[in-house]
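Residue numbering for the sequence shown is 44 to 360, as defined by the working numbering.
In this text, a Cβ means the ideal position worked out from N, Cα and C, and glycines have one as well.
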Amino acid sequence: MSLFWRIYVLNALVLGGATALLLWAPVTVSVPVVLTEAVILVVGLVVMLVANAALLRIALAPLDRLTRLMTTVDLLRPGQRLPEGGRGETAELIRTFNDMLERLEHERATSSARALLAQETERRRIAQELHDEVGQSMTAILLALERAAGEADEPLRGELRQVQEITRGSLDEVSRLARRLRPGALEDLGLVSALTSLTTEFATHAGLRVVRRFDTGLPAFDHQTELVLYRVAQEALTNAARHAEADQVEVSLLHTDEAVVLAVGDNGRGTGAAREGAGMRGMRERALLIGATLDVASRPQAGTTVRLTVPLLRKQP
């Protein structure tokens, strides 16, 4: 039965019930209408309106649920669906909406994968250029300054030494940026070594104490999964340094038989509700690439914890 006929039948039932009451009830309407008869008519009208509203509420409840889902759905949190029970136009609408969500989630995951792959390729290119071109040019400048300082007299020699130290610091910063853009330790030494290097560098530059807890015997991951774990840890540490006002961060990488869990928690001010900025949404997009789940817990004055859960594929017996 279509939605139109369903509403029509409900109204017809209410009106039919009211008509039956008028036909078989012992109450009549006088001219002029007396107070008792007017009260009975008003009460009957109220009962009819209440019954009609209740029946329509029941009939249109699936549409209300669909409307709420449409206003709150987020493609970065996949799996939000409505139950598809029943028949008719409403059930068909819910099934169509669920199918549309599935297609959109698939297309979003595909486009995000292409965008993130292009981003990593561009990061690799920039890191290579920083290392090969900018780094070599600054190294040549350092050598030239060294020669000039050796041949110059005071006070020019002291000034050249100062410029040399500034250039050396800039070269170190360029090298650090290149390592952040292209984590060579991840490709050469593996995930645990790369996370250890990342947290050590973070502690040195951010001035925070970093506590590491890495399980031994972690399962082997493909390169994409390792890169997602590394980038999520990197972004979470960056957020902790910029916004948390913390003095300690704990990074853990633990595993069970079902999943591997990366957690980055700080003891900062927290927010009560984690803000979904560009960095957070970028972490969610990366999590979708490998079928992982990203959870963010933030409480006022109790810090923020970012947890990435990567399910492990069970081997068939």
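In the pairwise beta carbon analysis, the stretch 241-256 is classified as touching the stretch 281-300: at least three pairs are separated by under 8 Å. When DSSP reads this structure, Arg342 sits in a beta bridge with Gly346.
Here Val57 is near Ala94, since their CB atoms are less than 7 Å apart.
Considered as a whole, the stretch 169-238 harbours 178-194, 199-224 and 227-232 as its complete alpha helix (DSSP H) runs of no fewer than 4 residues, in chain order. It is roughly 51 Å from the alpha-carbon of Glu165 to the alpha-carbon of Leu103. For the pair Glu197 and Leu186, the Cα-to-Cα distance works out to about 19 Å. C-alpha of His298 to C-alpha of Met181: approximately 44 Å in a straight line. The alpha-carbon of Pro354 is positioned some 57 Å away from that of Val89.
Glu301 and Ala170 have their C-alpha atoms some 36 Å from each other. Distances from the alpha-carbon of Arg329 to those of Phe264, Val271, Val303 and Gln205 put Val271 closest.
Counting only residues of its own chain and dropping the five nearest sequence neighbours on each side, Ala289 has a CB closer than 7 Å to the CB of Leu251, Ala283, Asp309, Asn310, Gly311 and Gly346. Rounded to the nearest whole angstrom, the C-alpha separation of Ile209 and Glu172 is 21 Å. When DSSP reads this structure, Gly308 sits in a beta bridge with Glu293 and Thr348. Here Glu269 is actually not in contact with Gly322; their C-beta atoms are around 20 Å apart, not less than 8 Å. Taking C-alpha positions only, Leu92 is separated from Val303 by approximately 57 Å. The three-state reading of DSSP puts Val116 in coil, since its state is none of H, G, I, E or B. Here Thr348 is not near Ala335, since their CB atoms are 7 Å or more apart. For Phe140 against Leu109, the beta-carbon gap comes to about 6 Å, under 8 Å, which counts as contact. Under the three-state reduction of DSSP output, Phe140 falls in the helix class. Leu337 carries a strand assignment under DSSP once its states are collapsed to helix, strand and coil. In the structure shown, Pro105 adopts helical secondary structure according to DSSP, grouped into three states. Just measuring C-alpha positions, the residue of Ala246, His174 and Leu203 sitting nearest Val217 is His174. A direct Cα-to-Cα measurement between Arg168 and Glu176 gives close to 12 Å. Pairing Leu203 with Ala192 gives a Cβ-Cβ distance under 7 Å. In the structure shown, Arg256 falls within a strand segment according to DSSP collapsed to helix, strand and coil. Boundaries of the alpha helix (DSSP H) around Glu278: His266 to Asn282. Pro354 has Ala302 as its beta-bridge partners, per DSSP. Annotation for Leu125: Pro105, Arg108, Leu109, Leu112, Ile137, Phe140 and Asn141 place their beta carbon closer than 8 Å to its own, counting only its chain and skipping 5 residues before and after. Pro226 counts as buried, since at least 16 other C-beta atoms from the protein chains shown sit within 10 angstroms of its C-beta. Judged by DSSP in its simplified three-state form, Glu148 adopts helix. Within the model, the alpha-carbon separation for Thr239 versus Ile101 is close to 58 Å.
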